[in-house]
Every structure is written in structure tokens, then in C-alpha cells.
Amino acid sequence: MFLDMQEHSEKYSDEQIETMMDVLDQLPDMETTWQKFSAKQGVETTCMHDDRQAVLHPLRRWRRVAVSIVGVIMVSVIAFAAIRIVRHSAEAGGYLKSSTQETQIANLHRQPMEVMPDDSIRVFENVELQQILSEIADHYHVGVEYRNEQTRHIRLYTRWNSSAPLKQIIERLNAFEKVCIRLNNNQLIVE
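Quick note on numbering: the sequence shown equals residues 697 to 887 in the numbering used here.
1) Which residues mark the beginning and the end of the alpha helix (DSSP H) in which Gln827 is found?
2) What is the residue span of the beta strand (DSSP E) that Arg843 lies within?
3) Rank Ala860, Tyr853, Tyr842 and Ile850 by C-alpha distance to the C-alpha of Val886 and give the top, closest one.
4) Give the straight-line distance between the Cα atoms of His835 and Ser816, rounded to the nearest whole angstrom.
5) From Leu699 to Ser709, what distance separates their C-alpha atoms?
6) Near Gln883, which residues of its chain fall below 7 Å by C-beta distance, leaving aside the five closest residues on each side in sequence?
7) Mark Glu714 as exposed unless 16 or more other C-beta atoms lie within 10 angstroms of its C-beta, in which case mark it buried.
8) Quick one: grab the DSSP three-state call for Glu821.
9) Check whether the Cβ atoms of Gln826 and Arg855 lie closer than 8 Å to each other.
10) Determine the direct distance from the alpha carbon of Pro861 to that of Ala778, and round the result to whole angstroms.
11) What residue range is occupied by the uninterrupted beta strand (DSSP E) comprising Ile885?
12) Put Asn880 into one of helix, strand or coil per three-state DSSP.
13) Taking 8 Å as the cut-off, decide whether the C-beta atoms of Ile769 and Ser705 are in contact.
14) Give the straight-line distance between the Cα atoms of Arg759 and Ser785, rounded to the nearest whole angstrom.
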């Protein structure tokens with residue numbers, strides 16, 4: 697059962713593993729038991745010193761194997777629990793959400809656009825794509841062409857770093873679900 701538990705720990709519940717560990721904790725002191733047994737049987741107990749070989753009782757060897765197996769099982773259970781905790785906290789904390797969800801801000805009562813202390817960063821909150829692209833196009837000296845009029849009025853929450861390359865800004869805006877922008881001959885094409 698110990699070997700099966702070691703090879704297939706997923707078959708056993710935490711309670712079964714705990715029960716097995718409790719059973720191992722309740723085993724009698726092997727050293728005392730061996731001393732009593734060897735005294736009754738007249739078996740010589742020696743340790744490994746120099747060239748002499750130790751005469752070990754089978755229970756003593758079994759104890760070493762059991763302790764090793766329990767150690768491996770404990771490490772496996774701890775690793776499994778740690779992985780579960782990390783995944784749960786990542787999901788609960790929102791670390792696994794999409795970039796669109798990360799950029800949305802719940803507070804709709806702020807001004808539509810706010811200038812950060814760093815003049816190269818602008819924050820757009822609930823601003824139409826048309827206004828955002830107008831400022832970006834003016835800054836990079838490119839034109840804007842809309843292939844779908846509805847996309848002009850998509851409202852976004854995003855930050856724009858005007859010192860970043862234009863391709864990087866386009867990639868960031870394309871991360872939004874309903875936005876598809878490409879650069880073609882100094883013209884931003886919005887589909």
C-alpha cells in the first residue's frame with residue numbers, strides 16, 4: 697500500500713494519507729523492540745564499524761523504507777497544495793484576466809481625459825476611439841481612415857505613452873476586443 701501510495705498519490709484522499717501517517721506514528725520504538733527480541737533470540741546486534749557488517753532486523757529495514765516513503769509522500773502533498781493555492785489566488789486576484797479587463801476602470805465619474813504628471817503619458821477614460829486616434833495621429837504625423845463608422849464611437853479606457861513607438865501603441869489598442877488598427881503608408885486604417 698505504501699508503494700502504491702507513492703506511485704499513485706492521486707488515487708488517495710488527504711484523509712487516507714493522514715491516516716497512513718498516523719499509523720506510522722503509532723509504530724513501536726523499533727530499537728527497543730529489537731533489543732528485546734535479540735535478547736530472547738540470542739541474535740548479535742552490531743553496528744557497521746570497520747569491516748564488520750551489521751546484522752539488521754527486517755523490521756528495522758522496513759522502518760527505513762517506510763520513513764523514506766512517508767517523506768516522499770509529504771513532499772508531494774505539500775507541492776500539490778502549494779500549486780493549488782497559487783492557482784486559486786491567481787484566479788481570485790484577477791491575475792489571469794485579459795488585457796481588456798485590466799484596462800477598464802470602474803469609476804465613470806472622472807473627467808474623460810486626464811493628463812498625468814509625466815507629460816508623455818495620457819490617460820483616456822471612457823473616451824471615443826476617434827478622439828484617442830486623433831491625438832495619436834497628430835503626434836505621429838499620420839492620417840486616420842475609418843472603414844467602419846461604428847468603430848469611431850467605441851469608448852475605451854486606456855493609457856497612451858507618447859514616447860512609445862507607434863507600432864507598440866497600435867498593438868496595445870488592438871488588444872481591445874472590437875478594435876482592429878493597422879498602419880499602411882503613414883495612414884492608420886481602422887476596421
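Cβ coordinates follow ideal geometry from the N, Cα and C atoms, glycine included.
Because the structure is a prediction, the values reported are computed rather than measured.
According to the structure data:
1) Taking the first residue of the sequence shown as 1, we reach residue 827 at position 131. Gln827 -> alpha helix (DSSP H) spans Leu825 to Tyr836.
2) Locating residue 843 in the sequence shown gives position 147, where the first residue counts as 1. That residue, Arg843, is in no beta strand (DSSP E); it is neither H nor E in DSSP.
3) Numbered from 1 along the sequence shown, position 190 holds the residue referred to as residue 886. Cα-wise, what sits closest to Val886 is Tyr842.
4) In the sequence shown, counting from the first residue as 1, residue 835 sits at position 139. In the sequence shown, counting from the first residue as 1, residue 816 sits at position 120. Their backbone Cα atoms lie some 11 Å apart in a straight line.
5) Reading the sequence shown from its first residue, position 3 is the one you call residue 699. Reading the sequence shown from its first residue, position 13 is the one you call residue 709. Those two C-alpha atoms are separated by around 15 Å.
6) Your numbering for residue 883 matches position 187 in the sequence shown. Counting only Cβ-Cβ distances below 7 Å, and skipping sequence neighbours, we find Val838, Gly839 and Glu841.
7) Within the sequence shown, residue 714 is the residue found at index 18, counting from 1. Looking at its Cβ environment, which holds fewer than 16 other Cβ atoms inside 10 Å, Glu714 is exposed.
8) As a working mapping, residue 821 is identified with position 125 in the sequence shown. The answer is strand: DSSP assigns Glu821 an E or B state.
9) In the sequence shown, residue 826 corresponds to position 130, counting from 1. In the sequence shown, residue 855 corresponds to position 159, counting from 1. Their beta carbons are not under 8 Å apart, which means Gln826 does not touch Arg855 by this criterion.
10) The residue labelled residue 778 in the question sits at position 82 within the sequence shown. The residue labelled residue 861 in the question sits at position 165 within the sequence shown. Using only the alpha carbons, I get a separation of about 40 Å.
11) In the sequence shown, the residue the question calls residue 885 occupies position 189. Counting along the chain, the beta strand (DSSP E) containing Ile885 begins and ends at Gln883 to Val886.
12) As a position in the sequence shown, residue 880 is number 184, starting the count at 1. When secondary structure is reduced to three states using DSSP, Asn880 falls in the coil class, being assigned neither helix nor strand.
13) Locating residue 769 in the sequence shown gives position 73, counting from the first residue. Locating residue 705 in the sequence shown gives position 9, counting from the first residue. Cβ distance < 8 Å, so Ile769 and Ser705 count as in contact.
14) As a position in the sequence shown, residue 759 is number 63, starting the count at 1. As a position in the sequence shown, residue 785 is number 89, starting the count at 1. The straight-line gap from Cα to Cα measures roughly 39 Å.
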